[in-house]
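2 protein chains.
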Amino acid sequence: MVLDLSKVRHCDILTQEIKDSFGGFLTESLNPAFLSELLTALPEAAVLRSPDERRPYECDGLSAYRMLPGVVVLPDTLEQVRSVMELCQAYSVPVVARGAGTGLSGGATPHPEGVLLSMARFNQILSVDLLACTARVQPGVRNLAISEAVAAHGLYYAPDPSSQIACTIGGNVAENAGGVHCLKYGLTVHNVLAAEVVLMDGEVIEIGGETLDQPGYDLMAAFIGSEGMLGVVTEITVRLLPTPPTAKVLMAAFESVEEAASAVADIIAAGIIPAGLEMMDTPAIIAAEDFVQAGYPRDAAAILLCELDGTQSEVDAEMEAVSALLLECGARSVNIARDESERERFWSGRKNAFPAVGRISPDYYCIDGTIPRRALGEVLKGISQLASEYGLRVANVFHAGDGNLHPLILYDSGKPGEFERTEALGAKILQLCVSVGGTISGEHGIGLEKIDQMCVQFGQNELEQFHLLKAVFDPNGLLNPGKAVPTLARCAEFNAMHVHKGKLAHPELPRF
Amino acid sequence: MVLDLSKVRHCDILTQEIKDSFGGFLTESLNPAFLSELLTALPEAAVLRSPDERRPYECDGLSAYRMLPGVVVLPDTLEQVRSVMELCQAYSVPVVARGAGTGLSGGATPHPEGVLLSMARFNQILSVDLLACTARVQPGVRNLAISEAVAAHGLYYAPDPSSQIACTIGGNVAENAGGVHCLKYGLTVHNVLAAEVVLMDGEVIEIGGETLDQPGYDLMAAFIGSEGMLGVVTEITVRLLPTPPTAKVLMAAFESVEEAASAVADIIAAGIIPAGLEMMDTPAIIAAEDFVQAGYPRDAAAILLCELDGTQSEVDAEMEAVSALLLECGARSVNIARDESERERFWSGRKNAFPAVGRISPDYYCIDGTIPRRALGEVLKGISQLASEYGLRVANVFHAGDGNLHPLILYDSGKPGEFERTEALGAKILQLCVSVGGTISGEHGIGLEKIDQMCVQFGQNELEQFHLLKAVFDPNGLLNPGKAVPTLARCAEFNAMHVHKGKLAHPELPRF
Chain P
1 MVLDLSKVRH CDILTQEIKD SFGGFLTESL NPAFLSELLT ALPEAAVLRS
51 PDERRPYECD GLSAYRMLPG VVVLPDTLEQ VRSVMELCQA YSVPVVARGA
101 GTGLSGGATP HPEGVLLSMA RFNQILSVDL LACTARVQPG VRNLAISEAV
151 AAHGLYYAPD PSSQIACTIG GNVAENAGGV HCLKYGLTVH NVLAAEVVLM
201 DGEVIEIGGE TLDQPGYDLM AAFIGSEGML GVVTEITVRL LPTPPTAKVL
251 MAAFESVEEA ASAVADIIAA GIIPAGLEMM DTPAIIAAED FVQAGYPRDA
301 AAILLCELDG TQSEVDAEME AVSALLLECG ARSVNIARDE SERERFWSGR
351 KNAFPAVGRI SPDYYCIDGT IPRRALGEVL KGISQLASEY GLRVANVFHA
401 GDGNLHPLIL YDSGKPGEFE RTEALGAKIL QLCVSVGGTI SGEHGIGLEK
451 IDQMCVQFGQ NELEQFHLLK AVFDPNGLLN PGKAVPTLAR CAEFNAMHVH
501 KGKLAHPELP RF
Chain F
513 MVLDLSKVRH CDILTQEIKD SFGGFLTESL NPAFLSELLT ALPEAAVLRS
563 PDERRPYECD GLSAYRMLPG VVVLPDTLEQ VRSVMELCQA YSVPVVARGA
613 GTGLSGGATP HPEGVLLSMA RFNQILSVDL LACTARVQPG VRNLAISEAV
663 AAHGLYYAPD PSSQIACTIG GNVAENAGGV HCLKYGLTVH NVLAAEVVLM
713 DGEVIEIGGE TLDQPGYDLM AAFIGSEGML GVVTEITVRL LPTPPTAKVL
763 MAAFESVEEA ASAVADIIAA GIIPAGLEMM DTPAIIAAED FVQAGYPRDA
813 AAILLCELDG TQSEVDAEME AVSALLLECG ARSVNIARDE SERERFWSGR
863 KNAFPAVGRI SPDYYCIDGT IPRRALGEVL KGISQLASEY GLRVANVFHA
913 GDGNLHPLIL YDSGKPGEFE RTEALGAKIL QLCVSVGGTI SGEHGIGLEK
963 IDQMCVQFGQ NELEQFHLLK AVFDPNGLLN PGKAVPTLAR CAEFNAMHVH
1013 KGKLAHPELP RF
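In the order they appear, the protein sequences are chains P and F.
Residue 1 is where the first sequence starts when you use our numbering, and the numbers rise one by one after that.
Residue 513 is where the second sequence starts when you use our numbering, and the numbers rise one by one after that.
Pasting the structure below:
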């Protein structure tokens, strides 16, 4: 089969046709002069060329999208990263940076003609400042490793994505990662203070800083969540928080999803910000209970898990207030974990919900959208309606406190057409989120996965500004091309454009 | 005197020569076709042309810098703002947006050939969402008016600049305003969720959103603190917080500034984030005490005021911990306000410190820099050394908890050369802040005032990125030209460039 490679560079998403058509000999298709310069700039062992060596990098956590990278590089110094970027700029070669590859939206899906830049060897914690409560780390340091390194000093790093044992802080920065504790302690953007960044032309800039306000435009916030499209982060300063002296969890069971949803809104409206406020519906409860026997009521329509942390007296006072509120909102039972082992048992069901769902279905697809808390009940009902329309089952297990939904669509990739139907249902769910004033992402990013839905989320003016901003940092569009921000042409093809204050412009999108 | 107007447009700061040379007839110097189109787009009463009408707009809170604007417009609809921007773009006329004019760094100093765009008539609170704890407001709404409007619901808007009774939320967004409570509750950037913005070409974009994570690049953070150089904000969604049930304040007195400074660092390092942690030195204590009899010890080298808020039991527990820490750090006395009236008395000295200093000196100049807390003692000593070198007195009253210094330089504008010496001392103090790893701004912004110090703060790479980013939103450089980000040529003239990790590149800058 003859493939027009020019299509790949310029298409704004990798089509299935292109995905299918690469055999694995792409390093050979790279410019030999470029490769030879790369091998001069980096030790030979840091440049992976054979298909077998490149295979482990062909996808991130969104494994439905696979693409063998042209070449994989594993630099271990700033100078080497700069050389890679300078060479890519000189030869117009696309670059995709990668942390641990645990991302769920395809942000690190490689480019077949490009360099996959793994930051795995940047794995040092450079310094910890106990007075300022900050740590300076390299991007390849694992999220949990930071908390482990400072635990003896009574400190921790707050954002805790489910993948925290494996994912790296560099990937967290790229995707603005969240987690259970982000309701109270914020996302990555609220917990990263400064970074050293290599730009596409090899220039190094330092952005952010340890002080509260920074002069100049806030490039730090723009970089966090930019999915590797503005530059490559080579050093990160994170904020460390004191470990709370006490944490307690309660579980409340409800006869209806709507009551549970309205209880969530009421807790936050009462001015209580729990350390975590999670919700699971019946399918998720049953799957988790069958898997780890967490003590969940299998006949409840929904449960809420609410963790409160702080001083003992503060936690006691808030526990009382939350319990009263939950009962007022119609909870049929409220159980406060009596001790640490019961607390861990309550959490075990939530923490194992994804693998638990994996046991009851050959495959599942995790959607990530965010909605205003007041719309929780309405949207959960809408999801269940859409699921019946598409003939698919959905289990809901999510960060209810910040309105961040994670519907898990159960499907069987062995059945022809079922994955496509699953993708279509996922897209409808995200559009539903947008239609109630929410967004198509909570914490997983856009990547390749949700690029069409960006056309629903944003209008032409906003997308144009995004492209202009991108061009400032990467005028030739070499950094992670085709991710995160769709072209206007793509949106026109997708035939959906613009939501204004919760109203969808396109008539075919679902309304509830 | 013949003035070369082309100089004004293209110079990157208004020189004294230019400042002195305008008489007040500049509206006449604007393009008549532009003026006539402006008068078609806006009601005649919304276009101020006579020198007397324009006079009140000639400066903001940095009143040492004055400039009569070419014309003042007071739009009251989005459509009118768009028309003003479109016309300015078409005729290449500079635009300076203005809130209440309380800014302290000259961010709203007018352009003599340009439009001063007052947002004063955008003064409506559009809606309050009690479930989401947010309010949608127009930019001309006063900071305090938001808290007043929602107080009955037990909510408030946290950032509290000293000028909060007068300053507007639009100006707060432009300068990323702070205040006493920002240590615990964050700056404007942490409390504003979304905005509607008119770009230089009249396009309207919506940035940010009420959900925790937003897809696309984080333009919201880039806009906050961009000093009106990227666009004009026409609507703002702010986060509201529940009013804490209890607040208590203590005052600790110290025999040395260094001990007080080290106590500040120790409190934060212990994991306690007070609602406010303020410090005053002897000159500030005496001035305040003479003015309002707050009960401060006139013979102390420094006092700390520490406010804790939360539930009663939480506040009690933290009060105890902080008191013990302060005594360990060498406080000679710790007084906890016994009741609300004593609490208000303790605060009255701090809140009136600026006018109190105004009573003992014909003029004072308020500097705004931020340093790592661990450097507090060292920098305060350095400031006092520099003050003697320059033969000027300095009173220190500042947000110690977040390292945000406000040295007040006392001077007499009647004495020839004293203001210039004051400006020079201020610059040295800011450079000292940078040399210990701090920044030249805490909460007042850069504006005209600190544009030279930006050359010390940032290197060429960072400044280039700032200019490129600016060009995305305003390719012709019409929005607030000459503010906030210096040209590289200017930095070369200033003969200082780049600080790398707290090390100043330029040998003449002060070192301690």
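For every residue, glycine included, the Cβ atom is placed at its ideal position computed from N, Cα and C.
Interface flag for S147 of chain P against chain F is unset, since no Cβ pair is found closer than 8 Å.
In this structure, the CA atom of I921 of chain F is about 7 Å from the CA atom of L904 of chain F.
Taking C-alpha positions only, V709 of chain F is separated from E462 of chain P by approximately 11 Å. It is roughly 15 Å from the alpha-carbon of E549 of chain F to the alpha-carbon of G582 of chain F. When C-alpha distances from Q460 of chain P are compared across P:S441, P:T102 and P:L488, the shortest belongs to P:L488. Secondary structure at E819 of chain F: strand, using DSSP grouped into helix, strand and coil.
Looking at the DSSP output, H399 of chain P bridges to P:N404. Between E210 of chain P and T188 of chain P, the C-beta spacing is not below 8 Å. DSSP places K760 of chain F within a strand segment (E or B) once states are collapsed to three. DSSP places R751 of chain F inside the beta strand (DSSP E), whose first and last residues are V744 to R751. Every unbroken stretch of the alpha helix (DSSP H) spanning 4 or more residues and falling wholly within the stretch 33-68 of chain P is given here in chain order: 51-54.
Put simply, the CB of S441 of chain P is near chain F, with a gap under 8 Å to one of its CB atoms. For R648 of chain F, the enclosing beta strand (DSSP E) begins and ends at T646 to V649. A straight-line Cα-Cα distance of about 40 Å links Q312 of chain P and C679 of chain F.
Legend: CB atoms of the stretch 442-455 of chain P lying less than 7 Å from CB atoms of chain F belong to residues G442, E443, I446 and M454. Boundaries of the alpha helix (DSSP H) harbouring N461 of chain P: Q460 to F473, taken from the DSSP string. According to the DSSP assignment, G720 of chain F belongs to the beta strand (DSSP E) that extends over V716 to G720. Listed along chain P is no residue with a C-beta nearer than 8 Å to that of C679 of chain F; the closest approach is about 16 Å. Under the DSSP assignment, C366 of chain P falls in the beta strand (DSSP E) whose first and last residues are D363 to C366. Proximity of chain P to S825 of chain F at the Cβ level (cut-off 9 Å) is accounted for by T311, Q312, S313, E314, D316 and A317, in chain order. Using a Cβ distance threshold of 8 Å, C182 of chain P and L155 of chain P do not count as a contacting pair. Short of 6 Å from the beta carbon of L74 of chain P, and not among the five residues preceding or following it, lie these beta carbons of its own chain, in chain order: A46, S118 and R121. Closer than 8 Å at the C-beta level to chain F, one finds these residues of the stretch 209-227 of chain P: G209, E210, T211, L212, D213, Q214, P215, G216, Y217, D218, L219, M220, A221, A222, I224, G225 and S226. If only complete runs of 3 or more residues are kept, the stretch 595-626 of chain F shows the beta strand (DSSP E) at 607-610, in order along the chain. Taking a beta-carbon distance threshold of 8 Å, R594 of chain F does not count as an interface residue toward chain P. Contact between the stretch 816-836 of chain F and the stretch 748-762 of chain F is established, with three or more Cβ pairs separated by less than 8 Å. L469 of chain P belongs to the set of residues whose beta carbon lies under 8 Å from a beta carbon in chain F. Taking the Cα positions, A733 of chain F is about 45 Å away from K415 of chain P.
About 31 Å separates the beta carbons of Q465 of chain P and L643 of chain F, which is beyond the 8 Å limit, so they are not a contact pair. P:I446 is the residue among P:Q453, P:Q457, P:E493 and P:I446 whose C-alpha sits nearest the C-alpha of P481 of chain P. Rounded to whole angstroms, the Cβ separation of M579 of chain F and E570 of chain F is 6 Å, and the two are in contact under 8 Å.
For F458 of chain P, at least one C-beta of chain F is nearer than 8 Å to its own C-beta.
Among the CB atoms of chain F, none fall inside 8 Å of the CB of V93 of chain P. In this chain, the beta strand (DSSP E) harbouring N847 of chain F covers S845 to I848. The contact set of L917 of chain F on chain P, defined by CB atoms closer than 7 Å, is empty, because the minimum CB distance reaches about 11 Å. Contact holds between the stretch 781-798 of chain F and the stretch 850-870 of chain F, because three or more Cβ pairs, one in each stretch, are under 8 Å apart.
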